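Residue numbers (the working numbering): 8 to 335.
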């Protein structure tokens, strides 16, 4: 039996939550009112029963779940990243923005947010869609609203795939805007657009390409370097040494998507090699289990991981095919 409010949450999105549970655990679930009946192998049925008991208890205690948050939790438990909902949510960090609260959805995301709170320099490394940049911007916005920092600086290297900045139309700002647009998108998700524009005008928020950081000392600031895999090693050293007093730096990137010309070393790869043992610096890693975009993004990442450079499948490709058939 589930509380009525729990049934409403679980049956949200045209029963997608129940369908996901069936796919993840290999069981059949039928519902009559607030009573659910499970059929399948005993270990799987027992696991889902425990999960639903946890869920019902948390709902009765007043805990509310968004559909994406709940579905991410189901996946984490099915894959063994956690054993109970309590384990996932007991130490949950909530970030408050002007558009509401933002909550990490996976164990790696929670560890990442906690590392940013604990350290002044954190690297977030992993594939697309794992929340690296989004969560870093959320922590930055929360810090600004709480007056822990005076400004937010968001930057990216301007690395092109086949075309040069000089060929693009417009003035310098028009040329660099396409490279920093994802950072604007994250900001507008958390703060009213009019307020963002005002803060940009006042210099409280700055969004600029990495080249604009040279020669500066960034104090009382929350600084985020995104797409850091496309920094060269000298650029990375230049950027990291911009840190001033009372500042935090978060560096995010995906080392599988390096767009630098052949022969140039990625600054993110070099930083990981050189700085991994430096006290006061944390490296946080993400994988396909942390993807919070459309479910196909996760399957795409897995498919690429399971294919060798020459295009032939690896030994694990069959497992990806099986995952795809199950709809995971």
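Here a beta-carbon is modelled for each residue, glycine too, at the ideal position from N, C-alpha and C.
For clarity, every value in this text was computed on a predicted model and none was experimentally measured.
Whole-Å CB distance - residue i paired with residue j, under 8 angstroms assumed
i, j, result
"residue 239", "residue 282", "Not a contact, Cβ separation roughly 16 angstroms."
"residue 242", "residue 207", "Their Cβ separation, rounded to whole angstroms, is 24 angstroms, which puts residue 242 and residue 207 out of contact at 8 angstroms."
"residue 133", "residue 294", "6 angstroms"
"residue 144", "residue 231", "6 angstroms"
"residue 3", "residue 89", "Nothing about residue 3 can be reported from this structure: the residues present for the chain run from 8 to 335 only."
"residue 299", "residue 136", "6 angstroms"
Own chain, CB closer than 6 angstroms to residue i, minus 5 neighbours either side, in chain order
i, result
"residue 151", "159"
"residue 224", "251"
"residue 37", "44"
"residue 265", "236 and 273"
"residue 222", "none"
Contact under 7 angstroms by Cβ, residue i with residue j
i, j, result
"residue 296", "residue 86", "yes"
"residue 147", "residue 246", "no"
"residue 257", "residue 123", "yes"
"residue 337", "residue 226", "Any property of residue 337 remains undetermined from this structure, which presents the chain solely from 8 to 335."
"residue 233", "residue 263", "no"
"residue 288", "residue 128", "yes"
"residue 236", "residue 261", "yes"
"residue 220", "residue 162", "yes"
Residue burial classification, residue i (beta-carbon count within 10 angstroms, cutoff 16)
i, result
"residue 92", "buried"
"residue 187", "buried"
"residue 309", "buried"
"residue 168", "Model confidence at residue 168 stands at a pLDDT of 39, short of 50, so the residue's coordinates are unreliable; what they give is reported in the following sentence. By the neighbour-count rule (16 or more Cβ atoms within 10 Å), residue 168 is not buried but exposed."
"residue 194", "buried"
"residue 46", "exposed"
"residue 35", "exposed"
"residue 22", "exposed"
"residue 68", "exposed"
"residue 48", "exposed"
"residue 63", "buried"
"residue 303", "exposed"
"residue 286", "exposed"
"residue 29", "buried"
"residue 209", "exposed"
"residue 39", "exposed"
"residue 164", "buried"
"residue 332", "The predicted position of residue 332 is uncertain, since its pLDDT is 38 and thus under 50; a value taken from the coordinates is nonetheless stated next. Per the 10 Å Cβ criterion, exposed."
Neighbourhood of residue i by C-beta, 7 angstroms cutoff - its chain only, sequence neighbours within 5 removed
i, result
"residue 27", "78 and 81"
"residue 271", "239"
"residue 116", "138, 142 and 297"
"residue 54", "32"
"residue 118", "291"
"residue 191", "214"
"residue 61", "91, 92 and 93"
Residue(s) in a DSSP beta bridge with residue i
i, result
"residue 273", "239"
"residue 213", "160"
"residue 150", "BP columns for residue 150 are empty, so no partner."
"residue 290", "130"
"residue 255", "229"
"residue 35", "46"
"residue 102", "109"
"residue 260", "132"
"residue 250", "225"
Same chain, Cβ closer than 8 angstroms to residue i, neighbours up to 5 away in sequence not counted
i, result
"residue 338", "Here the chain has residues from 8 to 335 only, and residue 338 is not among them."
"residue 56", "45"
"residue 311", "263"
"residue 58", "28, 81, 84, 91 and 92"
"residue 156", "147, 150, 227, 228, 229, 253, 254 and 255"
"residue 244", "274"
Chain D within 7 angstroms of residue i, Cβ atoms only
i, result
"residue 33", "The displayed structure is made up of one protein chain only, and chain D is not part of it."
The ligand COA heavy atom lying under 6 angstroms from the CB of residue i
i, result
"residue 28", "Of the ligands one can find in the structure shown there are none, so the ligand COA has no counterpart to examine."
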